[in-house]
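J.: In my numbering, the protein residues as written are 55 to 356. This is the structure, below, for whatever I ask next.
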């Protein structure tokens, strides 16, 4: 099944205005954008030469799911499925792979992006564990309790980063964030990010998944603070298997940590170009992403 899945590495729709690591964005007029989540995959801010079949469709479906589920917390940029269908229909005679692109597309309102990534960490792992192991702090946040890898923080912590167009995003302190975008907006983003994480964490637990951490992006739409880009996907979050969770071990996951681990075991130095992924890594990654989608959305394989 995985071997026969279609791959979309680039969107072929017209009016491309931005090609990011994963998403191709098209301007369709009237302050509306069409975002296509391709099957590209990145690690350590580098796009890998190997695509993951069907990954973009999973990202878009999960983002749409979470945008709708969290509307009570904060507005988002998502427009209706009907509007998306009508927009895509205008390209029917000029885009050969429109059906595959449609599975990966979201129609969204144009936003004035805030150039800070809001990361919430509920469990100590990844870069947070590396920093804590060396300094006893997590990106400037003092941790009073003694923790082992994978421990749940007493309270989720907010660890923002810069958002770089190229290269690696850099961790910043909350005070640095205040200097960049102002105290009031920093406080608001921290409050909303923590609220979003806590809601999603509790929901995911009921589906057998631990959201260890997640990355959120925000912008202003007609002056209103809104959540944008993607939301709570295996690309932007660490999803762990609740049934297998225990502090001090590498918990089985449903995200791209599997890819990062393989790259690290290969000795890659995180500088481009990245090595190609073997078929077994590609297939395992598809399986993990699909399992996350099925668990969270209560669906079976389509």
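Using N, Cα and C, we set each Cβ at its ideal position, and we do this for glycine too.
Can you tell me which of the three DSSP states residue 212 falls into?
T.: Taking the chain shown and counting its residues from 1, one reaches residue 212 at position 158. In this structure, residue 212 counts as strand in the three-state DSSP scheme.
J.: Where does residue 202 land, buried or exposed, given buried means 16+ other C-beta within 10 angstroms?
T.: Locating residue 202 in the chain shown gives position 148, where the first residue counts as 1. Result: exposed.
J.: Return yes when the Cβ of residue 160 is within less than 8 Å of the Cβ of residue 219, no when it is not.
T.: Reading the chain shown from its first residue, position 165 is the one you call residue 219. Reading the chain shown from its first residue, position 106 is the one you call residue 160. It is not a contact, given that the beta carbons lie outside the stated cut-off.
J.: Does the beta-carbon of residue 344 have 16 or more other beta-carbons within 10 angstroms, so that it is buried, or is it exposed?
T.: For the purposes of this step, residue 344 is identified with residue 290 of the chain shown, where counting begins at 1. Answer is buried; the Cβ neighbour count reaches 16.
J.: Grab me the residues of residue 297's own chain with a C-beta within less than 7 Å of its C-beta, minus the 5 sequence neighbours each way, in chain order.
T.: Position 243 of the chain shown, counted from the start, is the residue given in the question as residue 297. So the qualifying residues of the chain are 262.
J.: Pick from 150, 112 and 157: whose alpha carbon is nearest that of residue 88?
T.: To locate residue 88, count along the chain shown from 1; it is residue 34. The shortest C-alpha separation from residue 88 is found at 157.
J.: According to DSSP, residue 273 sits in a beta bridge with which residue or residues?
T.: Your numbering for residue 273 matches position 219 in the chain shown. Answer by DSSP bridge pairing, in chain order: 167 and 280.
J.: Taking the Cβ atom as the reference point for each residue, do residue 135 and residue 275 lie within a distance shorter than 8 Å?
T.: Along the chain shown, read from residue 1 onward, the residue named residue 135 stands at position 81. Along the chain shown, read from residue 1 onward, the residue named residue 275 stands at position 221. Contact: no.
J.: In chain order, what are the residue ranges of uninterrupted alpha helix (DSSP H) at least 4 long that sit wholly in the stretch 151 to 205?
T.: 152 to 157 and 180 to 189, all fully within the stretch 151 to 205.
J.: Can you tell which of 144, 192, 346 and 80 has its C-alpha closest to the C-alpha of residue 225?
T.: Sequence index remark: in the chain shown, residue 225 carries index 171 (1-based). The residue with the shortest Cα to Cα distance from residue 225 is 192.
J.: Within a Cβ cutoff of 6 Å, which residues of the same chain sit near residue 331, ignoring the five residues on either side of it in sequence?
T.: To locate residue 331, count along the chain shown from 1; it is residue 277. Closer than 6 Å at Cβ, skipping near neighbours: 104.
J.: Answer with buried or exposed for residue 360, where buried requires no fewer than 16 other C-beta atoms within 10 angstroms of its C-beta.
T.: Limits of the chain in this structure are 55 at one end and 356 at the other, which puts residue 360 out of reach.
J.: Near residue 223, which residues of its chain fall below 8 Å by C-beta distance, leaving aside the five closest residues on each side in sequence?
T.: In the chain shown, counting from the first residue as 1, residue 223 sits at position 169. Closer than 8 Å at Cβ, skipping near neighbours: 99, 171, 215, 216 and 217.
J.: Could you check which residue in 85, 68 and 110 has the C-alpha nearest to that of residue 95?
T.: On the chain shown, position 41 is the one that residue 95 refers to. When each option's Cα is compared against that of residue 95, the closest is 110.
J.: Grab me the residues of residue 346's own chain with a C-beta within less than 6 Å of its C-beta, minus the 5 sequence neighbours each way, in chain order.
T.: Your numbering for residue 346 matches position 292 in the chain shown. Taken in chain order, the residues that qualify are 288, 293 and 308.
J.: Would you grab the beta carbon distance between residue 60 and residue 107 for me? Rounded to a whole angstrom, and I think it's under 8 Å.
T.: Within the chain shown, the letter at position 6 stands for residue 60. Within the chain shown, the letter at position 53 stands for residue 107. Right, the Cβ-Cβ distance comes to about 7 Å (below 8 Å), so this counts as a contact.
J.: For the beta strand (DSSP E) that residue 78 lies in, which residues bound it at each end?
T.: Locating residue 78 in the chain shown gives position 24, where the first residue counts as 1. 77 to 83 is the span of the beta strand (DSSP E), which, as asked, contains residue 78.
J.: Helix, strand or coil for residue 104? Go by DSSP, reduced to three states.
T.: Locating residue 104 in the chain shown gives position 50, where the first residue counts as 1. In this structure, residue 104 counts as coil in the three-state DSSP scheme.
J.: Let me make sure I understand the geometry here. Which of 173, 90 and 141 has the alpha-carbon closest to that of residue 211?
T.: For the purposes of this step, residue 211 is taken as the residue at position 157 of the chain shown. The shortest Cα separation from residue 211 among 173, 90 and 141 belongs to 173.
J.: The beta strand (DSSP E) that contains residue 293, what's its start and end?
T.: Sequence index remark: in the chain shown, residue 293 carries index 239 (1-based). 291 to 295 is the extent of the beta strand (DSSP E) around residue 293.
J.: Kindly indicate which three-state DSSP category residue 318 falls into: helix, strand or coil?
T.: For this step, residue 318 is matched to residue 264 along the chain shown. It is helical.
J.: Starting from residue 89, trace the beta strand (DSSP E) both ways and give me its first and last residue.
T.: Walking along the chain shown from the start, residue 89 turns up at place 35. Residues 86 to 91.
J.: Output the boundary residues of the alpha helix (DSSP H) element that contains residue 242.
T.: Mapped onto the chain shown, residue 242 falls at position 188. Segment 237 to 259, the alpha helix (DSSP H) holding residue 242.
J.: Helix, strand or coil for residue 117 per DSSP?
T.: Translated into the one-based positions of the chain shown, residue 117 becomes position 63. In the structure shown, residue 117 sits in a helix (DSSP, three-state: H, G or I).
J.: For the putative contact between residue 243 and residue 207, defined by C-beta atoms under 8 Å, what is the C-beta separation to the nearest angstrom?
T.: Position 189 of the chain shown, counted from the start, is the residue given in the question as residue 243. Position 153 of the chain shown, counted from the start, is the residue given in the question as residue 207. Contact doesn't hold; Cβ gap of about 19 Å is too wide.
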